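Participant: In the numbering used here, the protein residues as written are 1461 to 1729.
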């Protein structure tokens, strides 16, 4: 099976990708998921090996190709990549989730059945204000707060159709106005924030602490994750905490999750 997500609106495309992965995990668990990143010079060969290896007893695998740099492939490798995708169009034991900013001209079959296709064009500020309005309202609801029409139109006026800018502003509103706990972190302190990740029984406080570590202090996700192993007081028992940490460490080292995904999943689960 091939699922193809494409379009310039990378935020909505990325959220849809996360939704598909979450649905897969709910149904099939965290095993048999692999990401193939263009940062790895051998991503195409690794993807080919993953696609060829099948499991017995009807197991289903998920291959995630997030913005692979197809344009850097030479003619031979491009043909090889196309062949792999085509050979798995109707394969039920492998789900290939491909996400790109645009539709490659050489891959016409990507937008035809049986491929599952979803397109994410950038909103037009002038022609699609209603869609942007609905988008903002929906994103605010996902963050569990209401936003007035006046403020929605103000956001559209200031940020237009830039979905990343809009959700960043919504996060700021959410953290600063809706959750009083945000104010205790106004002076950002690394150890205070990581302590909240480990000790707080309030899921929202943990989410805020993680966001501030990543966006406020610009900390490396790997450093934050490794810091979770230190301490004596956690919001779980020590045994459960270290077992959970070990499980996520395996997911990271086997490529089933990156550090950011593991951190988010860890603190909200």
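Just so it is clear, CB atoms sit at the ideal spot from N, CA and C, and this is done for glycine as well.
The model shown is predicted, which means the values in this text are computed figures rather than measured ones.
For residue 1526, which residues from the same chain have a beta carbon less than 6 Å from its beta carbon, with the 5 sequence-adjacent residues on both sides left out?
Facilitator: Hits under 6 Å: 1559.
Participant: According to DSSP, what are the bridge partners of residue 1466?
Facilitator: Partner(s): 1560 and 1579.
Participant: Between the C-alpha atoms of residue 1679 and residue 1673, what's the straight-line distance to the nearest angstrom?
Facilitator: Roughly 6 Å separates the two Cα atoms.
Participant: Take the Cβ of residue 1732 as the centre, count every other Cβ of all protein chains shown within 10 Å, and call the residue buried at 16 or more, exposed below.
Facilitator: Outside the shown range of the chain (1461 to 1729) lies residue 1732, about which nothing can therefore be said.
Participant: Taking C-beta to C-beta, are residue 1552 and residue 1523 nearer than 8 Å?
Facilitator: The answer is no: Cβ separation not under 8 Å.
Participant: I'd like to know whether the C-beta atoms of residue 1702 and residue 1722 end up nearer to each other than 8 Å.
Facilitator: In this structure, residue 1722 does not lie closer than 8 Å to residue 1702 by Cβ.
Participant: Taking only the alpha-carbon atoms, compute the straight-line gap between residue 1477 and residue 1651 and give it to the nearest angstrom.
Facilitator: Residue 1477 and residue 1651: Cα-Cα distance of roughly 32 Å.
Participant: Mapping the DSSP letters down to three states, classify residue 1523 as helix, strand or coil.
Facilitator: It is a strand residue.
Participant: Which class does residue 1494 belong to by DSSP, given the choice of helix, strand or coil?
Facilitator: Reduced to three states, the DSSP call for residue 1494 is strand.
Participant: Cutting at 8 Å between CB atoms, please list the residues of its own chain near residue 1718, excluding the five before and the five after it.
Facilitator: Excluding sequence neighbours, residue 1718 sits near 1495, 1681 and 1712.
Participant: To the nearest whole angstrom, what separates the beta carbons of residue 1578 and residue 1465, a pair I think is in contact under 8 Å?
Facilitator: Residue 1578 to residue 1465, Cβ: 5 Å. Contact.
Participant: Which of helix, strand or coil does DSSP assign to residue 1696?
Facilitator: The answer is coil: DSSP assigns residue 1696 none of H, G, I, E or B.
Participant: If we call anything under 8 Å between Cβ atoms a contact, is residue 1621 one with residue 1583?
Facilitator: Going by C-beta atoms, residue 1621 is nearer than 8 Å to residue 1583.
Participant: Starting from residue 1726, trace the alpha helix (DSSP H) in both directions and tell me its first and last residue.
Facilitator: That run of the alpha helix (DSSP H) goes 1719–1728.
Participant: When you compare only the Cα positions, how much space is there between residue 1665 and residue 1656?
Facilitator: Each residue's alpha carbon lies about 7 Å from the other.
Participant: When the Cβ atoms of the stretch 1566–1573 are set against those of the stretch 1586–1600, are three or more pairs found closer than 8 Å?
Facilitator: Flag = no, the stretch 1566–1573 and the stretch 1586–1600 do not touch.
Participant: Is DSSP giving residue 1677 helix, strand or coil here?
Facilitator: Reduced to three states, the DSSP call for residue 1677 is coil.
Participant: Please go through the same chain and pick out, in chain order, the residues whose beta-carbon is closer than 8 Å to the beta-carbon of residue 1661, but skip the five residues on each side of it.
Facilitator: Counting only Cβ-Cβ distances below 8 Å, and skipping sequence neighbours, we find 1695.
Participant: Contact check, residue 1659 vs residue 1693 under 8 Å by CB: the rounded distance?
Facilitator: Indeed they touch by this definition, with Cβ atoms about 5 Å apart.
Participant: I need the straight-line Cα distance from residue 1542 to residue 1511, nearest angstrom please.
Facilitator: Computed Cα separation, rounded: 13 Å.
Participant: Whose CA, out of 1520, 1562, 1566 and 1550, lies closest to the CA of residue 1534?
Facilitator: The shortest Cα separation from residue 1534 among 1520, 1562, 1566 and 1550 belongs to 1566.
Participant: In three-state terms, what does DSSP make of residue 1554?
Facilitator: Here residue 1554 sits in strand by DSSP.
Participant: Please state whether DSSP places residue 1501 in a helix, a strand or coil.
Facilitator: Three-state result, residue 1501: coil.
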